[in-house]
Amino acid sequence: MTPTERLTRAWRSLDGLSVGDAFGEKFFGPERAVLERIEKREVPPGRWQYTDDTEMALGIAEVLEERGEVDCDLLADVFARRFRNNRYRGYGATAQGILEAIGDKVPWELAARRVFNGEGSQGNGGAMRAAPVGAYFFDDEAKVIDEARKSAQVTHAHPDGQAGAIAVALAAAFVSRNPQTRDGDAMLKWVAQRVPDGPTRRGLERAMGLPLHGPLSRAIALGTGQQVISADTVPFALFCAARCIDDFPLAMWTTVAGLGDRDTTCAIVGGIVAMSDRTKVPAEWLEARELLGRTSAW
Ligand SMILES: [Mg+2]
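All the letters of the sequence shown, read from the start, carry residue numbers 48 to 345 under our numbering.
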């Protein structure tokens, strides 16, 4: 497969990710009103602006286009440059500090390591941008894992922050390899078996124990990103992706109903489910999403 064909796959995932991100962001607000809009399936009117999830995924796509792999030094510079150019994308406070430091020439290894008393971040920011990595390297399992880890570690030194990125990239790779699949349980199992041990993997194992089409409340109890960490975001998101693996709009309505960190949960799910050949990102949703500043060839 040529690098261009791989990039096309990554962009397909990015379209799902960015639409999910921008869609989810439209559902912040007073909880009762938000739940009512979700219940009625009210597609948000007007322009949907994307957030840091998309901005950083675009940075990864830029590096993949330039190098054909995740070059951490280049990725750190790209993230810092994009942050400098537009700080108002809803970056978390920790991410802002790290990106500012990298922009000030602090080596990314140090900037990413010194937060949270030297443990590094286990936030969901590595996971939120990882689906296109899985789409790009879909046919090489070892590469999906390595490249996803690299894409996270520039800002997330904690192993579980990286495990979240690995899980999401693996899920996107699974759907890319099995574009006709309707077997969400198989996806969850395949991913959980390959994710490094830690809180995110344990959450995935709990998600696997739930009936896929049972009450959503049990999946919501896994956590929907209230702590913005990988372990309380990725298991719910992957459960939603598995439950709605062949239906993009349903996947978005289901995921956003979990509330929580909804731009990020929807971004994760969107980047995975967009790889299914059984469904499409609705054209009107793509149109509603703010245009993505594509790099040279795109
Ligand atoms: Mg965001």
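Using N, Cα and C, we set each Cβ at its ideal position, and we do this for glycine too.
May I have the straight-line CA-CA distance separating Glu102 from Asn133, to the nearest angstrom?
-> Within the sequence shown, residue 102 is the residue found at index 55, counting from 1. Within the sequence shown, residue 133 is the residue found at index 86, counting from 1. About 9 Å.
Just checking, does the region 76-86 make contact with the region 138-158 on the three C-beta pairs under 8 Å criterion?
-> no
If we count the other Cβ atoms within 10 Å of its Cβ and call it buried at 16 or more, is Met48 buried or exposed?
-> One-based indexing of the sequence shown puts residue 48 at position 1. Met48 is exposed by the Cβ-count criterion.
Where the alpha helix (DSSP H) containing Trp58 begins and where it ends = Start at 1 with the first residue of the sequence shown, and residue 58 comes out as number 11. Unbroken alpha helix (DSSP H) run through Trp58: Pro50 to Glu72.
DSSP three-state call for Leu82: helix, strand or coil?
-> Working through the sequence shown from its first residue, we reach residue 82 at position 35. It is helical.
Closest residue to Leu339 among Ser65, Arg114, Ile276 and Glu112 (Cα-Cα distance) | The residue given as residue 339 occupies position 292 in the sequence shown. Check the Cα spacing between Leu339 and each of Ser65, Arg114, Ile276 and Glu112: the tightest is with Ser65.
Residue range of the alpha helix (DSSP H) that includes Ile276 = As a first step, residue 276 must be located in the sequence shown, where it is residue number 229. Unbroken run through Ile276: none, as it is neither H nor E.
Closest by C-alpha distance to Glu334, when choosing among Cys119, Ala69 and Glu147 = Within the sequence shown, the letter at position 287 stands for residue 334. The option with the nearest alpha carbon to Glu334 is Ala69.
Indicate the three-state DSSP secondary structure (helix, strand or coil) for Arg336 in the structure shown.
-> The sequence position of residue 336 within the sequence shown is 289, counting from 1. DSSP places Arg336 in strand when its eight states are reduced to three.
Reference Ile213, options Ala233, Trp237, Pro226 and Thr228, closest by Cα | As a first step, residue 213 is located in the sequence shown; it is residue number 166 there, counting from the start. Residue Trp237 is the option with its Cα nearest to Ile213.
Roughly how far, in whole angstroms, is the beta-carbon of Cys291 from the beta-carbon of Thr280, given that I think they are within contact range, below 8 Å?
-> The residue labelled residue 291 in the question sits at position 244 within the sequence shown. The residue labelled residue 280 in the question sits at position 233 within the sequence shown. Actually they are not in contact, since the Cβ atoms of Cys291 and Thr280 sit about 17 Å apart, beyond 8 Å.
Where DSSP assigns a beta bridge to Trp95, which residues make up the other side?
-> Here residue 95 is taken as the residue at index 48 of the sequence shown, counted from 1. Paired residue(s): Arg336.
With a cut-off of 5 Å, give the chain-ordered residues whose Cβ is closer than this to any heavy atom of ligand 1.
-> Thr98, Asp99, Asp100, Gly137 and Asp310
Got a sec: does ligand 3 put a non-hydrogen atom nearer than 7 Å to the Cβ of Ala158?
-> As for ligand 3, it is missing from this structure, which binds only ligand 1.
Report the residue from Gly317, Gly170 and Gly106 whose alpha carbon sits nearest the alpha carbon of Ala298.
-> Position 251 of the sequence shown, counting from 1, holds the residue named residue 298. Nearest option by C-alpha distance: Gly317.
Would you list the one or two residues that DSSP bridges to Gly76?
-> If you number the sequence shown from 1, residue 76 lands on position 29. Partner(s): none; Gly76 has no beta bridge.
Is the region 200-214 in contact with the region 239-256, if contact means three or more CB pairs nearer than 8 Å?
-> yes
Starting from the C-beta of Gly261, find all residues in its chain whose C-beta is less than 7 Å away, skip the five residues before and the five after it, and write them out in chain order.
-> For this step, residue 261 is matched to residue 214 along the sequence shown. Taken in chain order, the list of residues that qualify is empty.
Under 7 Å Cβ to Cβ from Val110, same chain only, skipping five residues before and after it: list those, please.
-> Taking the first residue of the sequence shown as position 1, residue 110 is located at position 63. Val117, Asp118, Leu121, Leu122 and Val125.
Compute the distance between the beta-carbons of Ala210 and Val191, then report whether it is under 8 Å.
-> On the sequence shown, position 163 is the one that residue 210 refers to. On the sequence shown, position 144 is the one that residue 191 refers to. Contact: no.
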